[in-house]
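Residue numbers (full-length UniProt numbering): 1 to 671. For each residue, glycine too, the CB sits at the ideal point set by N, CA and C. Quick caveat: nothing in here was measured; it's all calculated off a predicted structure.
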């Protein structure tokens with residue numbers, strides 16, 4: 001029996017040897033084929049996309065170079081912006097930086113079709129639907145990084161729907177909240193009413209939208225199709241606000257009070273009161289009820305930066321016109337809440353027929369101007385009560401005289417311009433509180449600083465006067481140095497904060513070096529196309545200061561959850577605003593060319609969903625515009641994944657800088 005069993009085992013050896021040879025042959029074929037397969041291959045438009053990993057996708061019979069994907073150091077790199085699928089990197093000026101290659105998704109601008117590069121059109125809104133196909137984003141770091149590992153959900157995008165979708169501003173177009181208001185008497189319906197949760201739908205583009213007219217030409221003319229609102233053309237046709245000319249909207253520099261043109265109006269103010277020196281002692285201005293912002297637009301020639309302000313009201317798209325022109329502007333209203341600016345900020349406040357009842361509600365609107373106006377600053381008011389004698393105007397003027405005397409404003413000039421048929425009055429705010437103390441009546445009273453919030457974010461208007469600041473030596477307030485020395489001088493307010501002066505110096509040096517050495521030359525941003533810039537967490541305004549010589553302007557945003565540095569920014573002669581990035585920003589869609597942040601997202605992701613913030617960035621940035629983020633690699637990986645789902649081109653350089661460029665892609669489906 002033992003011999004028989006051994007013989008049987010010997011007979012099995014040839015069979016096992018043959019099986020082993022066959023197994024080796026099959027393994028060799030599989031390995032050979034795998035070397036010809038791309039690291040990442042996309043499915044045909046009609047096929048289902050797997051949500052498990054990039055390597056599980058079925059090939060669409062396109063080689064790596066046909067879809068612009070390379071195998072580099074185990075990293076997955078996709079490039080979708082080539083003129084043809086056979087274009088090489090060096091032919092389109094793409095370089096490898098920090099072992100990362102830019103990913104370009106601007107398919108629509110270069111004529112490449114989605115199905116030519118194996119990219120699917122996505123549904124618009126970011127919400128989960130079992131019947132829809134999820135987008136699996138291209139990873140920045142590695143093909144093995146999944147959405148779950150990055151903390152990113154599979155994203156679905158749909159277009160916002162509704163009659164206002166093209167110009168949708170979530171916190172100002174919340175009609176359900178507006179309908180529920182108990183009163184609109186004090187412009188409550190023009191204030192912020194943010195939806196919860198924040199919307200994740202994408203804003204559709206206007207039909208015929210084009211890359212905006214570049215600055216400085218844009219100050220005088222913009223594409224009509226970009227802001228297709230003709231109402232003001234007809235409504236203000238006799239006042240030369242805006243004129244339609246062919247494919248353009250043209251801004252002749254007229255206005256309700258600018259009958260001789262805005263240039264003559266600006267010159268007349270300085271001639272009337274020479275103490276006003278444009279671009280020297282007067283650098284930052286708030287223009288309330290700005291119309292199409294021609295006043296601020298033409299003051300730029302004088303080295304004056306004006307924050308043009310108006311509500312979203314029946315004067316259709318006036319702030320949208322301003323921002324499309326490249327003029328600093330924001331949407332807001334003097335209603336029941338403070339404007340999102342600090343105390344003692346503006347050198348001048350201007351109102352030309354701005355339709356604000358300054359003496360209304362016990363004088364709270366004018367006391368809000370008093371709060372924001374720098375001690376010694378000026379209020380220029382050009383309106384019919386200044387120069388007309390009908391009963392209504394005389395009544396308003398009498399009330400204005402009483403109120404300005406009560407808050408210790410001095411009338412320094414009142415004049416009438418015969419050629420234009422208009423007049424104006426110039427008031428000056430006191431520089432010390434002595435006048436307040438010597439009033440016959442303590443009405444309005446001084447604010448109790450111990451019980452008063454320093455914040456102006458969602459805070460009710462004061463019915464009291466804010467005590468005036470003093471210098472570090474206890475003397476009266478000192479006006480900032482003339483521009484441009486003012487930009488780099490240490491603001492007086494810094495002396496009240498421990499070690500703040502040293503931090504300010506280091507911050508200024510840091511941003512000067514970073515902008516010069518990295519931002520302007522090393523990140524692939526076409527700065528010549530950048531006009532409207534937002535710094536999402538501005539600190540002391542170092543980024544804006546370092547880039548001051550370029551033909552652009554910066555909206556310096558100070559998040560309410562961080563240190564309050566906005567007063568310092570205004571002291572430097574820059575402009576800015578408070579904001580909470582858990583909510584939508586008060587601006588129209590497609591209004592900024594570049595959004596910048598430095599280590600913002602890592603600190604704030606504990607408070608909000610990054611996807612919602614990216615959706616807001618996508619709403620604000622123009623097609624062809626950029627986001628520039630400095631942060632940690634885990635944050636940049638997650639941010640890159642979300643941006644790529646929006647078909648943005650994304651590059652990460654030096655392990656800390658992300659540059660995303662927005663294309664013209666829009667999903668087909670509506671939310």
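{"Check": "When the distance is taken between beta carbons, is residue 262 closer than 8 Å to residue 278?", "Outcome": "no"}
{"Check": "Using 10 angstroms around the beta-carbon of residue 257, count the other beta-carbons present and answer buried if the total reaches 16, otherwise exposed.", "Outcome": "buried"}
{"Check": "Compare the Cα-Cα distances from residue 503 to each of 372, 490, 515 and report the closest residue.", "Outcome": "490"}
{"Check": "Would the C-beta of residue 295 count as close to the ligand NAP, meaning under 7 Å from any of its heavy atoms?", "Outcome": "Looking at this structure, you won't find the ligand NAP or any other ligand, since it has none at all."}
{"Check": "Taking all protein chains shown into account, do 16 or more other C-beta atoms lie within 10 angstroms of the C-beta of residue 551, making it buried, or fewer, making it exposed?", "Outcome": "exposed"}
{"Check": "Below 8 Å on the Cβ atoms is my guess for residue 410 versus residue 428; work out the distance and round it to an integer in Å.", "Outcome": "5 Å"}
{"Check": "Taking the alpha-carbon of residue 433 as reference, which of 465, 361, 459, 423 has the nearest alpha-carbon?", "Outcome": "465"}
{"Check": "Alpha carbon to alpha carbon, how far is residue 522 from residue 651?", "Outcome": "12 Å"}
{"Check": "Per the DSSP calculation, residue 559 is bridged to which residue(s)?", "Outcome": "579"}
{"Check": "Do you know offhand how far residue 375's Cα is from residue 648's?", "Outcome": "46 Å"}
{"Check": "Report all residues from its chain with a CB closer than 8 Å to the CB of residue 364; omit the five preceding and five following residues, and keep chain order.", "Outcome": "461, 462, 463"}
{"Check": "Beta carbon of residue 308, beta carbon of residue 340: below 8 Å?", "Outcome": "no"}
{"Check": "What are the start and end residues of the beta strand (DSSP E) that includes residue 305?", "Outcome": "305 to 310"}
{"Check": "In the DSSP assignment, find the alpha helix (DSSP H) that holds residue 485 and state where it starts and stops.", "Outcome": "485 to 488"}
{"Check": "Are there 16 or more other CB atoms within 10 angstroms of the CB of residue 416, so buried, or fewer, so exposed?", "Outcome": "exposed"}
{"Check": "Give me the Cα-Cα distance between residue 361 and residue 351, rounded to the nearest whole angstrom.", "Outcome": "19 Å"}
{"Check": "Please report the straight-line C-alpha distance between residue 253 and residue 184, rounded to a whole angstrom.", "Outcome": "33 Å"}
{"Check": "Excluding the 5 residues preceding and the 5 following residue 445 in the sequence, name in chain order all residues of the same chain whose CB lies nearer than 6 Å to its CB.", "Outcome": "464"}
{"Check": "Please say whether residue 664 and residue 623 have beta carbons closer to each other than 8 Å?", "Outcome": "yes"}
{"Check": "Quick check: what's the CA-CA separation for residue 487 versus residue 326?", "Outcome": "22 Å"}
{"Check": "Taking residue 506 as the reference, give the member of 540, 528, 536 with the closest Cα.", "Outcome": "540"}
{"Check": "Less than 8 Å between the CB atoms is what I'm expecting for residue 251 and residue 220, so what's the real figure, rounded?", "Outcome": "6 Å"}
{"Check": "Is residue 333 buried or exposed, if buried means 16 or more other CB atoms sit within 10 Å of its CB?", "Outcome": "buried"}
{"Check": "Excluding sequence positions up to five away, which residues of its chain have a Cβ less than 8 Å from the Cβ of residue 435?", "Outcome": "408"}
{"Check": "State whether the stretch 309 to 317 contacts the stretch 577 to 585, with contact taken as three or more CB pairs (one from each stretch) at a distance under 8 Å.", "Outcome": "no"}
{"Check": "Below 8 Å between beta carbons: does that hold for residue 249 and residue 202?", "Outcome": "no"}
{"Check": "Taking contact to mean 3 or more Cβ pairs, one atom from each stretch, closer than 8 Å, check whether the stretch 518 to 534 and the stretch 561 to 573 are in contact.", "Outcome": "no"}
{"Check": "Between which residues of its own chain and residue 600 is the CB-CB distance below 6 Å, once the five residues before and five after are set aside?", "Outcome": "536, 537"}
{"Check": "On a CA-only basis, which of 384, 438, 315 is nearest residue 420? Give me that one, please.", "Outcome": "384"}
{"Check": "Counting only runs that start and end within the stretch 251 to 300, where is the beta strand (DSSP E) found for 3 or more residues in a row?", "Outcome": "284 to 288"}
{"Check": "Could you please give me the residues that DSSP links to residue 352 through a beta bridge?", "Outcome": "382"}
{"Check": "Tell me which residues share the same chain as residue 677 and place their Cβ nearer than 8 Å to its Cβ, disregarding the 5 neighbours each side in the sequence.", "Outcome": "The structure shown does not extend to residue 677, since the chain spans only 1 to 671, so no value can be given for it."}
{"Check": "Leaving out five residues on either side along the sequence, give the residues of the same chain with a beta carbon under 7 Å from the beta carbon of residue 485.", "Outcome": "none"}
{"Check": "Suppose you measure from the CA of residue 399 to the CA of residue 389; what does that come to, to the nearest Å?", "Outcome": "14 Å"}
{"Check": "Residue 318 lies in the alpha helix (DSSP H); which residues open and close that run?", "Outcome": "318 to 325"}
{"Check": "Name the one or two DSSP bridge partners that residue 377 has.", "Outcome": "None, per the DSSP bridge assignment."}
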